[in-house]
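Structure first, commentary second.
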Amino acid sequence: MMKQNNQLMLHIHNGNQEGDTAFFRNRYLFNTVLDIMKQRPQKKFLIFFHACSIGAEVYSFVIHYLLQQSNLQFEIEVFATDINRHFLNVAQEGFYPDHILKTMTNEEINYFQFSERRFVTPIDEIKQKIKFLSPVSFLDFKSSKTMDVVFLLNALTYVAEEEQTIAIQRIANYNSFLFCVADVHKRTIKADVQVNGYIPITTNIESIHQAWDENSNQDLLANEDKTNKSKFIKIPDYQYKLCSIFKKKTLIL
Ligand SMILES: C[S@@+](CC[C@H](N)C(=O)[O-])C[C@H]1O[C@@H](n2cnc3c(N)ncnc32)[C@H](O)[C@@H]1O
Numbered sequence: 002m003m004k005q006n007n008q009l010m011l012h013i014h015n016g017n018q019e020g021d022t023a024f025f026r027n028r029y030l031f032n033t034v035l036d037i038m039k040q041r042p043q044k045k046f047l048i049f050f051h052a053c054s055i056g057a058e059v060y061s062f063v064i065h066y067l068l069q070q071s072n073l074q075f076e077i078e079v080f081a082t083d084i085n086r087h088f089l090n091v092a093q094e095g096f097y098p099d100h101i102l103k104t105m106t107n108e109e110i111n112y113f114q115f116s117e118r119r120f121v122t123p124i125d126e127i128k129q130k131i132k133f134l135s136p137v138s139f140l141d142f143k144s145s146k147t148m149d150v151v152f153l154l155n156a157l158t159y160v161a162e163e164e165q166t167i168a169i170q171r172i173a174n175y176n177s178f179l180f181c182v183a184d185v186h187k188r189t190i191k192a193d194v195q196v197n198g199y200i201p202i203t204t205n206i207e208s209i210h211q212a213w214d215e216n217s218n219q220d221l222l223a224n225e226d227k228t229n230k231s232k233f234i235k236i237p238d239y240q241y242k243l244c245s246i247f248k249k250k251t252l253i254l
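Numbered by the working numbering, the letters in the sequence shown go through residues 2 to 254 in order.
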């Protein structure tokens, strides 16, 4: 059985900046995003990760892609950054203590190689697909390229509500297809995405949302059938407030 959400949180600090993250933090999200991408007749996708911390989510996404590659007809090129230079250095080097493997499936572990002193690193095939950029805030970043998919996960609450509005407006300028987000300012998220032409994709919304909150070392698959959609439906605008995947209504080509 595939582990759907079995994660080991890595508690990362640099001064007073916090970069908590995990490998395979939300398998539901990445698998759903790849499924949506698969439905488009497109040969290559540019993917951008903001606020990537030490890189765990970026490497995890590429491993998800490689695990499914035989079913996918497209290539990916991945870019990533964070505001914190030290987190980005760790991401770029890509060496992690071997206990990160503890909550991975054997298939996922195959994409890591052992290095010295009980450290592991993603294999070259993964590293080659990712370009880590210079540190930059998602509030300031401008892209010369149009990005098909932009991830901004668990970082918007690090800025004020009105800065979320600015961040999403900026991202919408260079994002053509999917905008994936988690942990948002809920009061304004609906207006922030709508004004920029995004609509929510609610496929697997409950599983994806629940996975962000789950404790580590729990297999959510057992709970999947028990999820009760009505629990969400009672929340006004749940499609926006609890959603992690938004799609551009009018696609930029
Ligand atoms: C809780 S961590 C989330 C890491 C990862 N995205 C995840 O979900 O596992 C928040 C990250 O946001 C970054 N961050 C905070 N404010 C930022 C900003 N204005 N621009 C870019 N990154 C920022 C932090 O440096 C940190 O790495």
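Cβ coordinates follow ideal geometry from the N, Cα and C atoms, glycine included.
Legend entry - Neighbour flag for isoleucine 37 against chain C, beta carbons, 8 angstroms: Structure shown: chain C not included; a single protein chain is present.
Legend entry - Check: histidine 87 C-beta below 7 angstroms from any heavy atom of ligand 1: Translated into positions along the sequence shown, residue 87 becomes position 86. Not under cutoff, so the answer is no.
Inset, instruction - Go ahead and pull the three-state DSSP assignment for valine 196. - result: Your numbering for residue 196 matches position 195 in the sequence shown. The answer is coil: DSSP assigns valine 196 none of H, G, I, E or B.
Legend entry - From Thr82, Thr33 and Arg41, residue whose alpha carbon lies closest to that of cysteine 53: If you number the sequence shown from 1, residue 53 lands on position 52. With distances taken between Cα atoms, cysteine 53 lies closest to Thr82.
Legend entry - Own chain partners of leucine 154 with C-beta closer than 6 angstroms, once the 5 adjacent residues on each side are dropped: As a working note, residue 154 is residue 153 in the sequence shown. Same-chain partners within the cutoff: Ala183.
Inset, instruction - Would you tell me roughly how many angstroms separate the C-alpha atoms of isoleucine 234 and tyrosine 241, rounded to the nearest one? - result: In the sequence shown, counting from the first residue as 1, residue 234 sits at position 233. In the sequence shown, counting from the first residue as 1, residue 241 sits at position 240. Distance between the alpha carbons of isoleucine 234 and tyrosine 241: 12 angstroms.
Legend entry - aspartate 238 - DSSP class collapsed to helix/strand/coil: Locating residue 238 in the sequence shown gives position 237, counting from the first residue. Coil.
Inset, instruction - Identify every residue that forms a DSSP beta bridge with lysine 132. - result: On the sequence shown, position 131 is the one that residue 132 refers to. Lysine 132 pairs with Phe80.
Inset, instruction - Name the two residues that bound the continuous alpha helix (DSSP H) containing threonine 33. - result: In the sequence shown, residue 33 corresponds to position 32, counting from 1. First-last of the alpha helix (DSSP H) with threonine 33: 28 to 39.
Inset, instruction - State the Cα-Cα distance for the pair glycine 95 and valine 63, rounded to the nearest angstrom. - result: For the purposes of this step, residue 95 is taken as the residue at position 94 of the sequence shown. For the purposes of this step, residue 63 is taken as the residue at position 62 of the sequence shown. Roughly 13 angstroms between the two C-alpha positions.
Inset, instruction - Return the first residue and the last residue of the alpha helix (DSSP H) that valine 185 is part of. - result: As a position in the sequence shown, residue 185 is number 184, starting the count at 1. Careful: valine 185 lies outside any alpha helix (DSSP H) and carries neither H nor E.
Legend entry - Selection from His87, Gln74 and Ala212 that minimises the alpha carbon distance to glycine 16: Looking up residue 16 in the sequence shown gives position 15. Comparing Cα positions, the closest option is His87.
Legend entry - Where the beta strand (DSSP E) through aspartate 214 begins and ends: By one-based count along the sequence shown, residue 214 stands at place 213. Premise fails: aspartate 214 lies in the alpha helix (DSSP H), 206 to 214, not in any beta strand (DSSP E).
Legend entry - Residue interval of the alpha helix (DSSP H) (run including threonine 166): For the purposes of this step, residue 166 is identified with residue 165 of the sequence shown, where counting begins at 1. Per DSSP, threonine 166 belongs to the alpha helix (DSSP H) from 162 to 175.
Inset, instruction - Examine the Cβ distances between the region 25 to 38 and the region 128 to 148 and report whether three or more of them are shorter than 8 angstroms. - result: no
Inset, instruction - Name the two residues that bound the continuous alpha helix (DSSP H) containing phenylalanine 62. - result: Here the question's residue 62 lines up with position 61 in the sequence shown. Counting along the chain, the alpha helix (DSSP H) containing phenylalanine 62 begins and ends at 57 to 69.
Legend entry - Of the listed residues Phe31, Glu58, Tyr159 and Lys146, nearest to isoleucine 172 (C-alpha basis): Residue numbering aside, residue 172 sits at position 171 when the sequence shown is read from its first letter. Checking every option, the nearest Cα to that of isoleucine 172 belongs to Lys146.
Inset, instruction - Have a look at the DSSP bridge pairing and note the partners of proline 123. - result: The residue you call residue 123 lines up with position 122 of the sequence shown. Answer by DSSP bridge pairing, in chain order: Phe113.
Inset, instruction - Label glutamate 58 either buried or exposed according to how many other C-beta atoms from any shown protein chain fall within 10 Å of its C-beta, with 16 as the threshold for buried. - result: Counting from one through the sequence shown, the residue named residue 58 turns up at place 57. Glutamate 58 is buried by the Cβ-count criterion.
Legend entry - Under the three-state DSSP convention, the category histidine 100 falls into: Residue mapping note: residue 100 aligns to position 99 of the sequence shown, counting from 1. Helix at histidine 100.
Legend entry - Beta-carbon proximity of aspartate 149 to isoleucine 169, cut-off 8 angstroms: As a position in the sequence shown, residue 149 is number 148, starting the count at 1. As a position in the sequence shown, residue 169 is number 168, starting the count at 1. No, Cβ-Cβ distance for aspartate 149 and isoleucine 169 is not below 8 angstroms.
Inset, instruction - In angstroms with no decimal places, state the Cα-to-Cα distance between histidine 12 and lysine 45. - result: As a working mapping, residue 12 is identified with position 11 in the sequence shown. As a working mapping, residue 45 is identified with position 44 in the sequence shown. Whole-angstrom Cα-Cα distance: 34 angstroms.
Legend entry - DSSP three-state assignment for threonine 158, whether helix, strand or coil: Against the sequence shown, residue 158 aligns to sequence position 157. Here threonine 158 sits in helix by DSSP.
Legend entry - Pair within 8 angstroms by beta-carbon distance, tyrosine 29 and alanine 212: Sequence index remark: in the sequence shown, residue 29 carries index 28 (1-based). Sequence index remark: in the sequence shown, residue 212 carries index 211 (1-based). Yes; because the gap between Cβ atoms is below 8 angstroms, this pair is in contact.
Inset, instruction - Could you spell out the range, first to last residue, of the alpha helix (DSSP H) harbouring leucine 89? - result: Numbered from its first residue, the sequence shown carries residue 89 at position 88. Here the alpha helix (DSSP H) through leucine 89 covers 86 to 94.
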